[in-house]
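Protein chains in written order, with our numbering: chain A, -13 to 177; chain B, -4 to 203. The next block holds one structure in the form of structure tokens; read it before the comments.
This is how it looks when you write it as structure tokens:
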């Protein structure tokens, strides 16, 4: 008799998930026995095609304990640094030329302030399929991340989060709302 | 930590098991027809790709390898192949691939947005989201290749075949919120299903 099971896709918000020890320890243990995480779910690790243990990997090096707190430019920063949103054309993950100076300004700030780090939040408008939009939003955040990297910002200062179409900035169902939703938000840690 | 993860939850006991929480996207999970495998989208190796997790051996196999977006896998009823959405050709289209791996084959050639495909129970057709003049539900005959658009849009999504293969349930926007609608496979009969306040999204038929 088939057991009834249900799949849930959950997005864990900041602060909810902490896999604890260094990845290799957590992974080995999880693969062998099945540990319980903060929400009481057991973790049975998966194995790769060579039989090697795969384990969950921490994304980015920005700690949740508040390191870098308040290290952003602040709400009253002027000029290019005040601009925290990059917009995109429909179905595109290409950063537009006019936004390059903004990204350069944030890169310069990050290089001058080693304590600061950013989360790049990718978003899409509501049109089309949900899962494709999660992927497209990630591609947008990665595009911004790549440009920051080309300016010299190290990978571990940047974290990427995709919200797909799930967190619109504008709630309408028209071109103007859609335009405002196709975006990447640059969020400084601790701000 | 802000990360996505894929879980399996047992309805009877409430037990939850985490299957995947890699860096990047962990999403679009879908059961194989025999319940032994999970296809899902992971972007841990650079870009979103289709993976299959065997729940007995716990082995994770990578099915697609492209620099493009590959996502939204759906199993054929016989469990031997999958369809998925990929923009490897420049825009989102539906591709098919053997469950054993190999080269994907493109199935949709009309329009520049085709996504979220799902099989009919007899495995001969796909319902999908077709963009162009708004987002509408279309049916594709896999063998013949012909596509028929069934709904008017402009924001129709997440189609799902009824077990008898004759109706398609989908989500639509009406009255400023998400609502359920159903359309017959020949497109002749269409109706909105009355629901309470609030948004309805991603409907799915139970197997029985």
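Note that beta-carbon positions come from the ideal geometry of N, C-alpha and C, so glycine has one too. Note that this is a predicted model, so its numbers are computed, not measured.
Inset, instruction - Report yes if the CB atom of residue 163 (chain B) is closer than 8 Å to the CB atom of residue 154 (chain B), and no otherwise. - result: The residue you call residue 163 (chain B) lines up with position 168 of the second chain. The residue you call residue 154 (chain B) lines up with position 159 of the second chain. Annotated as proximal: residue 163 (chain B) and residue 154 (chain B), with beta-carbon spacing under 8 Å.
Legend entry - Length at least 3, wholly inside the segment 75 to 127 of chain A: the beta strand (DSSP E) runs in chain order: 104 to 108
Inset, instruction - Give the residues from the segment 23 to 54 of chain B that approach chain A closer than 8 Å (Cβ to any Cβ), ordered along the chain. - result: 23, 24, 25, 26, 30, 33, 36, 38, 39, 42, 43, 48, 52, 53 and 54
Legend entry - For residue 162 (chain A), the first and last residue of its enclosing alpha helix (DSSP H): Within the first chain, the letter at position 176 stands for residue 162 (chain A). That run of the alpha helix (DSSP H) goes 161 to 167.
Inset, instruction - Report the option in B:50, B:16 and B:171 whose CA atom is closest to the CA atom of residue -2 (chain B). - result: Locating residue -2 (chain B) in the second chain gives position 3, counting from the first residue. Looking at the Cα atoms, B:16 is the closest of the given residues.
Legend entry - Secondary structure of residue 129 (chain A), DSSP reduced to three states: Locating residue 129 (chain A) in the first chain gives position 143, where the first residue counts as 1. In this structure, residue 129 (chain A) counts as helix in the three-state DSSP scheme.
Inset, instruction - For the beta strand (DSSP E) containing residue 67 (chain B), list its first residue and its last residue. - result: Here residue 67 (chain B) refers to the residue found at position 72 when the second chain is read from its first residue. Segment 65 to 70, the beta strand (DSSP E) holding residue 67 (chain B).
Inset, instruction - Please determine, among A:99, A:71, A:120 and A:167, the residue with the shortest C-alpha to C-alpha distance to residue 86 (chain A). - result: In the first chain, counting from the first residue as 1, residue 86 (chain A) sits at position 100. It is A:71.
Inset, instruction - Specify whether the segment 18 to 31 of chain B and the segment 72 to 79 of chain B touch according to this definition: at least 3 beta carbon pairs, one from each stretch, less than 8 Å apart. - result: The count of Cβ pairs closer than 8 Å, one atom from the segment 18 to 31 of chain B and one from the segment 72 to 79 of chain B, reaches three, so the stretches are in contact.
Inset, instruction - With a 10 Å radius around its C-beta and 16 neighbouring C-beta atoms as the bar for buried, classify residue 77 (chain A) as buried or exposed. - result: Looking up residue 77 (chain A) in the first chain gives position 91. When all chains shown are included, residue 77 (chain A) counts as buried.
Inset, instruction - Could you check the C-alpha separation between residue 175 (chain A) and residue 89 (chain A) for me, to the nearest Å? - result: Numbered from 1 along the first chain, position 189 holds the residue referred to as residue 175 (chain A). Numbered from 1 along the first chain, position 103 holds the residue referred to as residue 89 (chain A). If you draw a straight line from the Cα of residue 175 (chain A) to the Cα of residue 89 (chain A), it comes to about 17 Å.
Inset, instruction - Kindly indicate if chain A contains any beta-carbon less than 8 Å away from that of residue 105 (chain B). - result: Counting from 1 along the second chain, the entry for residue 105 (chain B) is found at position 110. So no, residue 105 (chain B) is outside the interface.
Inset, instruction - Check the C-beta distance from residue 50 (chain B) over to residue 35 (chain B) and give it rounded, since I have them as a contact under 8 Å. - result: Position 55 of the second chain, counted from the start, is the residue given in the question as residue 50 (chain B). Position 40 of the second chain, counted from the start, is the residue given in the question as residue 35 (chain B). Not really, about 12 Å apart at Cβ, beyond 8 Å.
Legend entry - Cβ-Cβ separation, residue 110 (chain B) to residue 149 (chain A) (assumed contact under 8 Å), whole Å: The sequence position of residue 149 (chain A) within the first chain is 163, counting from 1. The sequence position of residue 110 (chain B) within the second chain is 115, counting from 1. Actually they are not in contact, since the Cβ atoms of residue 149 (chain A) and residue 110 (chain B) sit about 18 Å apart, beyond 8 Å.
Inset, instruction - Check whether the Cβ atoms of residue 119 (chain B) and residue 137 (chain B) sit closer than 8 Å, and answer yes or no. - result: The residue given as residue 119 (chain B) occupies position 124 in the second chain. The residue given as residue 137 (chain B) occupies position 142 in the second chain. Against a cut-off of 8 Å, the Cβ pair of residue 137 (chain B) and residue 119 (chain B) comes out as a contact.
Inset, instruction - In the DSSP assignment, find the unbroken beta strand (DSSP E) run with residue 73 (chain A) in it and report its ends. - result: In the first chain, residue 73 (chain A) corresponds to position 87, counting from 1. Unbroken beta strand (DSSP E) run through residue 73 (chain A): 71 to 73.
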